[in-house]
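Numbers in the working numbering are just positions in the sequence shown, counted from 1, shifted up by 298.
To start, the structure itself, in structure tokens.
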Amino acid sequence: MATAHSVASESYLETYLKSLNLERSGTQIISVNGTNYQARFNDSGWCKSVSKLYMSRTSVHDFFQTNEDEMPTDIIKSALNSENLLNAHDAKVTTRCNSKRVTYEYQSLCLAGGGAKGIAHLGVLQALGATRLNKIKEVTGTSAGAIMSACLSIGMNEHDITHAMINAKTNFEREIILAEMQTIIVNFLGIHVTPIAIFLSRHNEFLKDGEGKTILPENVKNNDIGRITFYQHELIRTKGNSTELRFLKHRSWKRLILVASNEKKEIELSANNSPHLEVAVAVTASSAIPHFVKPVEIKASLFLSEATQGSKVLALSDGGLTNNIPFCYFTTNKILVVGFSFQEPLLLKDKVTKLPKEKLKKSAIELAIKVSRAVELNAFDITKAKSDPRISLCILHPQLGFTALTSASSPRQIYKHKWFAVKEFEEFEASCEVINDSQHLLPPFSLSQYLAEKYQKQNPILQINK
Numbered sequence: 299m300a301t302a303h304s305v306a307s308e309s310y311l312e313t314y315l316k317s318l319n320l321e322r323s324g325t326q327i328i329s330v331n332g333t334n335y336q337a338r339f340n341d342s343g344w345c346k347s348v349s350k351l352y353m354s355r356t357s358v359h360d361f362f363q364t365n366e367d368e369m370p371t372d373i374i375k376s377a378l379n380s381e382n383l384l385n386a387h388d389a390k391v392t393t394r395c396n397s398k399r400v401t402y403e404y405q406s407l408c409l410a411g412g413g414a415k416g417i418a419h420l421g422v423l424q425a426l427g428a429t430r431l432n433k434i435k436e437v438t439g440t441s442a443g444a445i446m447s448a449c450l451s452i453g454m455n456e457h458d459i460t461h462a463m464i465n466a467k468t469n470f471e472r473e474i475i476l477a478e479m480q481t482i483i484v485n486f487l488g489i490h491v492t493p494i495a496i497f498l499s500r501h502n503e504f505l506k507d508g509e510g511k512t513i514l515p516e517n518v519k520n521n522d523i524g525r526i527t528f529y530q531h532e533l534i535r536t537k538g539n540s541t542e543l544r545f546l547k548h549r550s551w552k553r554l555i556l557v558a559s560n561e562k563k564e565i566e567l568s569a570n571n572s573p574h575l576e577v578a579v580a581v582t583a584s585s586a587i588p589h590f591v592k593p594v595e596i597k598a599s600l601f602l603s604e605a606t607q608g609s610k611v612l613a614l615s616d617g618g619l620t621n622n623i624p625f626c627y628f629t630t631n632k633i634l635v636v637g638f639s640f641q642e643p644l645l646l647k648d649k650v651t652k653l654p655k656e657k658l659k660k661s662a663i664e665l666a667i668k669v670s671r672a673v674e675l676n677a678f679d680i681t682k683a684k685s686d687p688r689i690s691l692c693i694l695h696p697q698l699g700f701t702a703l704t705s706a707s708s709p710r711q712i713y714k715h716k717w718f719a720v721k722e723f724e725e726f727e728a729s730c731e732v733i734n735d736s737q738h739l740l741p742p743f744s745l746s747q748y749l750a751e752k753y754q755k756q757n758p759i760l761q762i763n764k
């Protein structure tokens with residue numbers, strides 16, 4: 299039992315409770331101002347309830363106190379779930395995840411879109427641990443998954459991304475999404491902007507200002523790195539070294555591929571297809587949820603694929619409408635795909651095709667079915683992921699709504715859903731089959747063939763709102 303002599307306020311209470319180094323699991327007994335309390339924690343470390351243990355007099359450190367200075371149980375519960383204590387516990391969870399023995403290693407990581415549910419991706423990153431995250435070579439995602447993937451691609455670790463999400467503004471406005479993504483990049487890379495600019499200049503590449511004008515290395519400012527392009531990102535990843543760019547010594551940059559939607563087709567946003575597109579703009583486009591965020595208009599000349607030819611401007615919106623788990627752009631044979639429970643009706647495509655339209659409209663994928671073929675396209679990708687021997691498909695069940703941005707931006711809620719996802723992912727890994735290590739036995743994967751089959755194969759039952 300943990301005890302305290304005197305706690306006068308909630309702030310002192312937090313300091314005291316933190317000093318106890320409580321095990322945040324099961325039932326713990328603590329004593330505050332001479333009164334004993336029973337705190338109950340769930341499996342992921344969240345304090346569910348606090349109740350008083352009734353007794354007239356309590357011995358605390360060999361002296362007696364009456365119960366006149368009882369602390370209200372709601373204040374104790376609030377303190378146990380305060381950002382101060384949650385942050386301390388989060389560090390413990392990270393240490394545990396980093397030190398645990400692991401069986402699986404992945405080379406590619408795909409993070410699905412899911413609106414506010416995307417905060418659960420933090421738990422997967424934490425559960426993977428620093429070593430496995432560093433070994434991942436490429437990342438992809440849509441919407442919320444695009445934000446996380448972009449952060450990972452520039453060497454941010456789970457702790458960096460968690461605090462970036464805590465400090466970020468959450469809003470369904472295109473300009474705010476863009477500004478926040480640029481801020482995240484600047485906060486992490488701004489201190490290195492000069493060596494980055496010098497390195498890029500040696501490859502005849504230069505950062506640009508808000509008007510698209512070239513900035514010489516001697517004139518760059520921290521904010522300029524927020525407009526880094528896919529090509530510049532790829533130059534740093536493939537040609538940078540820790541001598542020129544010291545931050546690369548302990549930070550693993552990753553190949554980045556994002557997806558957005560243009561009408562009924564998915565558009566690849568990457569160094570291969572949109573080399574001179576700003577990464578932050580690409581993230582914004584992939585996150586532009588219809589009816590919430592206006593489409594992002596981008597010059598078609600910035601794209602190299604045939605799918606964009608014949609247009610002057612592309613209006614890009616949420617990549618999840620056409621490919622919520624874009625693993626098909628990966629080049630490795632050890633892929634982790636993380637999706638969400640609203641995709642579960644799509645895990646068995648045959649069952650989905652038999653559902654009446656009325657049922658589909660009431661399902662958790664209501665945003666997706668507002669456009670033609672969205673359900674079928676996602677069903678195709680889910681089915682392929684389930685049958686692909688290269689892929690481990692993990693489905694998370696975060697207990698918050700798709701549009702619950704307020705909950706997703708609260709530090710307390712971020713930690714709560716993050717740790718729940720840690721538990722889910724660890725259970726997933728404990729039960730899943732070993733990834734095929736015999737790469738020579740796997741058939742070659744063709745992206746063009748995959749996309750051709752996906753967009754040519756259409757089930758008339760799922761022709762919604764055409």
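For glycine and all other residues, C-beta sits at the position ideal for the given N, C-alpha and C.
Residue burial classification, residue i (beta-carbon count within 10 angstroms, cutoff 16)
i: valine 348; result: buried
i: tyrosine 404; result: buried
i: tyrosine 402; result: exposed
i: histidine 695; result: exposed
i: alanine 558; result: buried
i: proline 709; result: buried
i: histidine 419; result: buried
i: threonine 541; result: exposed
i: alanine 351; result: For clarity, residue 351 is leucine in the given sequence; the question names alanine instead. It counts as exposed.
i: arginine 500; result: exposed
i: glutamine 747; result: exposed
i: alanine 462; result: buried
i: threonine 392; result: buried
i: phenylalanine 638; result: buried
i: threonine 333; result: buried
i: phenylalanine 443; result: According to the sequence as given, residue 443 is glycine; it is not phenylalanine. Burial call: buried.
i: lysine 415; result: buried
i: threonine 536; result: exposed
Local conformation of residue i per DSSP, three classes
i: arginine 322; result: coil
i: lysine 563; result: strand
i: valine 484; result: helix
i: phenylalanine 638; result: strand
i: serine 584; result: helix
i: leucine 612; result: strand
i: lysine 537; result: helix
i: isoleucine 452; result: coil
i: isoleucine 712; result: helix
i: valine 391; result: helix
i: cysteine 730; result: coil
i: glutamate 473; result: helix
i: threonine 429; result: helix
i: arginine 500; result: coil
Beta bridge counterpart(s) of residue i as assigned by DSSP
i: glutamate 478; result: Glutamate 478 pairs with nothing; no bridge assigned.
i: alanine 337; result: Gln326, Val348
i: valine 437; result: Leu407, Leu554
i: serine 690; result: Leu634
i: isoleucine 596; result: Leu612
i: serine 568; result: Ile555
i: threonine 527; result: Glu576
i: threonine 401; result: DSSP, once it has assigned bridges, lists no residue as partnering threonine 401.
i: lysine 506; result: Thr512
Of the residues the options, the one placed nearest residue i, counting alpha carbons only
i: lysine 562; options: Tyr627, Leu619, Gly538; result: Leu619
i: tryptophan 551; options: Ile587, Ile623, Phe470, Val437; result: Val437
i: leucine 575; options: Val673, Phe528, Lys435, Ile327; result: Phe528
i: alanine 580; options: Ile475, Lys435, Asp372, Thr704; result: Ile475
i: aspartate 341; options: Gly524, Glu724, Lys350, Glu674; result: Glu724
i: glycine 324; options: Cys345, His490, Leu315, Lys610; result: Cys345
i: tyrosine 777; options: Phe718, Phe339, Phe678, Ala719; result: Residue 777 is absent from the structure shown; the chain starts at 299 and stops at 764.
i: cysteine 395; options: Glu564, Ile523, Ala428, Ser309; result: Ala428
i: glutamate 674; options: Ile587, Ala706, Asn622; result: Asn622
i: glycine 411; options: Phe625, Arg430, Asn570, Phe486; result: Phe625
i: isoleucine 452; options: Ala719, Leu543, Phe504, Ser584; result: Leu543
i: leucine 421; options: Ala337, Thr704, Trp717, Ala477; result: The identity of residue 421 in the sequence shown is glycine, whereas the question assumes leucine. Cα-wise, what sits closest to glycine 421 is Trp717.
i: leucine 423; options: His715, Cys730, Leu315, Thr512; result: His715
i: threonine 460; options: Ser572, Gln711, Ala728; result: Gln711
i: leucine 749; options: Asp388, Gly699, Glu566, Asp522; result: Glu566
The ligand NAD heavy atom lying under 6 Å from the CB of residue i
i: histidine 574; result: This structure does not include the ligand NAD; it has no bound ligands of any sort.
Between the stretch 380-395 and the stretch 593-601, are three or more C-beta pairs nearer than 8 Å? Look at the beta carbons and you see the stretch 380-395 not touching the stretch 593-601: under three pairs across the two are nearer than 8 Å.
Taking 8 Å as the cut-off, does the stretch 438-449 touch the stretch 741-748 (at least 3 CB pairs, one atom from each stretch)? no
At a cut of 8 Å, does the stretch 629-639 reach the stretch 680-696 through at least three beta carbon pairs? yes
Three Cβ pairs or more, each shorter than 8 Å: is that satisfied between the stretch 488-502 and the stretch 454-472? no
Determine contact between the stretch 501-520 and the stretch 613-628, defined as no fewer than three beta-carbon pairs at a distance below 8 Å. no
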